[in-house]
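Here this note's numbering is used: the first residue of the sequence shown is 34, the next is one more, and so on.
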Amino acid sequence: MPFIRECIVTTVDDGGNVHVAPMGIHEDENRFIILPFKPSITLDNLEKQGTATLNYTDDVRVYAGCLTSHNDWPTRDTTIIQGARLENCLAHTELEVIRKTDDIVRPEYLCKSVYEATHAPFHGYNRAQSAVVELAILVSRLHILNEEKVNREIKYLKTSVEKTAGPREQEAWRWLMLKVASFRESKKESL
Numbered sequence: 034m035p036f037i038r039e040c041i042v043t044t045v046d047d048g049g050n051v052h053v054a055p056m057g058i059h060e061d062e063n064r065f066i067i068l069p070f071k072p073s074i075t076l077d078n079l080e081k082q083g084t085a086t087l088n089y090t091d092d093v094r095v096y097a098g099c100l101t102s103h104n105d106w107p108t109r110d111t112t113i114i115q116g117a118r119l120e121n122c123l124a125h126t127e128l129e130v131i132r133k134t135d136d137i138v139r140p141e142y143l144c145k146s147v148y149e150a151t152h153a154p155f156h157g158y159n160r161a162q163s164a165v166v167e168l169a170i171l172v173s174r175l176h177i178l179n180e181e182k183v184n185r186e187i188k189y190l191k192t193s194v195e196k197t198a199g200p201r202e203q204e205a206w207r208w209l210m211l212k213v214a215s216f217r218e219s220k221k222e223s224l
């Protein structure tokens, strides 16, 4: 049975420009399914290159940064595929697309792992890290969620941040809350 792994996906375009995006990747018995929305840079790069890299990190600023224009994360070349990985990730998996199933909203790219490496030890998550990832998911869906639901979720998640966050989690939380405020302000202005 597949499960969803939240990670950072890096892809490259024809010019070697790296795109960094947080995504939920479906994993089942060493097969990976990437479901990018149309239109998206990840989709374009997958279509042209047929490769992607899954980056596993405990620095939740990367998740928050991708949604809040704080996205200048250092990368380095991958080992097998022509691609890039986050320089400071704990581990990464290099993927090649083996099959595509088209869809008008979210095409499905079935991928296989061609290389994996661990770069640093994983020392566990604190609850604030999970809360930031959940808030990042909410922020990516602000345009489709009602404000009351968002407020309830933020109130619940905020407790974990207040109790367990270190400096990186606090910074990521601030970035995302500024994005929420900006979204709400722009929504008011459009009325």
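Glycine included, C-beta positions come from ideal geometry on N, C-alpha and C.
Bear in mind the structure is a predicted one, so any value in this text is a computation, not a measurement.
inquiry  = I'd like the span of the beta strand (DSSP E) that includes Asn78, first residue to last.
reply    = Taking the first residue of the sequence shown as position 1, residue 78 is located at position 45. Here Asn78 belongs to no beta strand (DSSP E); instead the alpha helix (DSSP H) covers 74-82.
query = Does at least one heavy atom of the ligand FMN sit under 7 Å from the Cβ of Lys81?
reply = Within the structure as shown, the ligand FMN is missing, as the structure has no ligands at all.
request  = Report, in whole angstroms, the separation of the C-beta atoms of Lys71 and Val138, which I expect to be a contact under 8 Å.
outcome  = Here residue 71 refers to the residue found at position 38 when the sequence shown is read from its first residue. Here residue 138 refers to the residue found at position 105 when the sequence shown is read from its first residue. About 6 Å; that satisfies the 8 Å criterion.
query = By the 10 Å Cβ neighbour count, where 16 or more other Cβ atoms means buried, how is Gly199 classified, buried or exposed?
reply = In the sequence shown, residue 199 corresponds to position 166, counting from 1. Per the 10 Å Cβ criterion, exposed.
query = DSSP three-state call for Thr44: helix, strand or coil?
reply = As a working mapping, residue 44 is identified with position 11 in the sequence shown. Correct three-state label for Thr44: strand.
query = Which two residues bound the contiguous alpha helix (DSSP H) that contains Met210?
reply = Residue mapping note: residue 210 aligns to position 177 of the sequence shown, counting from 1. 200-222 is the extent of the alpha helix (DSSP H) around Met210.
query = Could you give the C-beta distance for Glu195 and Val165, rounded to a whole number, given that I count them as a contact under 8 Å?
reply = Locating residue 195 in the sequence shown gives position 162, counting from the first residue. Locating residue 165 in the sequence shown gives position 132, counting from the first residue. Wrong, their Cβ atoms sit about 12 Å apart, outside the cutoff.
request  = Determine the direct distance from the alpha carbon of Pro55 to that of Ala169, and round the result to whole angstroms.
outcome  = For this step, residue 169 is matched to residue 136 along the sequence shown. For this step, residue 55 is matched to residue 22 along the sequence shown. Those two C-alpha atoms are separated by around 9 Å.
message = Assess contact between the segment 96-103 and the segment 114-134, defined as three or more Cβ pairs (one per stretch) separated by less than 8 Å. Is contact present?
response = no
task = Sort out for me which residues DSSP pairs Pro55 with in a bridge.
result = Taking the sequence shown and counting its residues from 1, one reaches residue 55 at position 22. Paired residue(s): Ile41.
task = Name the two residues that bound the continuous beta strand (DSSP E) containing Tyr142.
result = The residue labelled residue 142 in the question sits at position 109 within the sequence shown. 141-151 is the extent of the beta strand (DSSP E) around Tyr142.
request  = Taking the CB atoms as reference points, tell me whether Thr108 and Thr43 lie closer together than 8 Å.
outcome  = Within the sequence shown, residue 108 is the residue found at index 75, counting from 1. Within the sequence shown, residue 43 is the residue found at index 10, counting from 1. Result yes, Cβ atoms of Thr108 and Thr43 sit closer than 8 Å.
request  = Would you mind stating whether Glu141 and Leu68 have Cβ atoms separated by less than 8 Å?
outcome  = Taking the first residue of the sequence shown as 1, we reach residue 141 at position 108. Taking the first residue of the sequence shown as 1, we reach residue 68 at position 35. Yes.
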